[in-house]
């Protein structure tokens, strides 16, 4: 297992071995060693737009309007008294313009909200060629959009092993895609957070194996998703990745061994993040079948008390 301290040490060693200003250039001239998180104040709460996946119109299927817009979602986060809002990329227009992003930025600011982050649906396991180029370009575009909006972090995926190919090949492609994307993100001041999201990140060993292949950078870390390990002991495995978390999404259910859902032990998860020294946003991502407008406030109250 790689710890936060080991990750920082690797980054420091990488910087010290660099010749001249090469390391600074690689990180966009902003620095090479991840900052140690300090402070004793409570973690802040945010809500993922994906919580309203059934109500929001998904790109590119936006010929018909959804029951809710991103602006409605921002207003809802403000009504809940949250500090932040996570604006998932899926619900933006197919053609994202500066004008639209400015409206988003204005709405969140006037509502007293931070844009805690955004999230994309990339796949870095695809073979070299037009499809891979498209995935990398989409990631760069969203790095630009995040920087424009003032979103500090983007949740990214690894992807899945293409049919007929070895997982090792997919792991290497994924690491290469992350390295290329992180180098660009560093020039924009945006952190990329790799999620435990099935595929080649189904287990902590797989996820940490990718992390170990990626060049250490303060602009890269893990997106801790409390509901996505379907192993025999999800809490044990979440504890392994918590030290490298730069963003945390909290689901209200877990599925040990991929079986029936069980309520998440929210106190255990929050304490896990605290013990790991996590200082970022805690983002509720509600995915259950019940009405999110009815259920979300209950979980926000529980998380608020725990934080």
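Numbering (my numbering), first residue to last: 5 to 311. Cβ atoms here follow ideal geometry from the backbone N, Cα and C, with glycine treated the same way.
Original post:
Does the pairing of the region 45 to 53 with the region 79 to 90 give three or more beta-carbon distances under 8 Å?
Top reply: yes
Original post:
Where are the beta strand (DSSP E) runs, 3 residues long or more, that stay fully inside the region 56 to 127, in chain order?
Top reply: 88 to 90, 118 to 123
**OP:** Starting from the Cα of residue 213, find the closest Cα among 184, 175, 199, 128 and give me that residue.
**Re:** Residue numbering aside, residue 213 sits at position 209 when the chain shown is read from its first letter. Looking at the Cα atoms, 175 is the closest of the given residues.
**OP:** Would you mind stating whether residue 290 and residue 252 have Cβ atoms separated by less than 8 Å?
**Re:** As a working note, residue 290 is residue 286 in the chain shown. As a working note, residue 252 is residue 248 in the chain shown. No.
**OP:** State buried or exposed for residue 199, treating a residue as buried only when at least 16 other CB atoms are found within 10 Å of its CB.
**Re:** Here residue 199 corresponds to residue number 195 of the chain shown, with the count starting at 1. Its Cβ being crowded by 16 or more others within 10 Å, residue 199 is buried.
Original post:
Who are the Cβ neighbours of residue 82 in its own chain at under 7 Å, not counting the five residues just before and after it?
Top reply: Looking up residue 82 in the chain shown gives position 78. The answer, listed in chain order, is 115, 116, 117.
**OP:** Could you pull the start and end residues of the alpha helix (DSSP H) that residue 184 belongs to?
**Re:** What you label residue 184 is simply residue 180 of the chain shown in a count that begins at 1. Where residue 184 is concerned, the enclosing alpha helix (DSSP H) stretches over 171 to 192.
Subject >> Candidates 243, 247, 233, of which the one nearest residue 263 by Cα >> reply: If you number the chain shown from 1, residue 263 lands on position 259. With distances taken between Cα atoms, residue 263 lies closest to 233.
**OP:** Please look up how many angstroms separate the CB atoms of residue 121 and residue 98, rounded, as I've assumed it's under 8 Å.
**Re:** Here the question's residue 121 lines up with position 117 in the chain shown. Here the question's residue 98 lines up with position 94 in the chain shown. So it is not a contact: roughly 21 Å between Cβ atoms.
Subject >> Collapsed DSSP secondary structure at residue 246 in the structure displayed >> reply: Counting from 1 along the chain shown, the entry for residue 246 is found at position 242. Helix at residue 246.
Original post:
Cβ atoms of residue 105 and residue 56: under 8 Å apart, would you say?
Top reply: Working through the chain shown from its first residue, we reach residue 56 at position 52. Working through the chain shown from its first residue, we reach residue 105 at position 101. Cβ distance not < 8 Å, so residue 56 and residue 105 don't count as in contact.
Original post:
In this structure, does DSSP put residue 216 in helix, strand or coil?
Top reply: In the chain shown, the residue the question calls residue 216 occupies position 212. It is helical.
Subject >> Burial state of residue 93 (16 or more Cβ within 10 Å) >> reply: Start at 1 with the first residue of the chain shown, and residue 93 comes out as number 89. Buried: at least 16 other Cβ atoms inside 10 Å.
Original post:
If you pair each beta-carbon of the region 124 to 132 with each one of the region 162 to 173, do three or more pairs fall below 8 Å?
Top reply: yes
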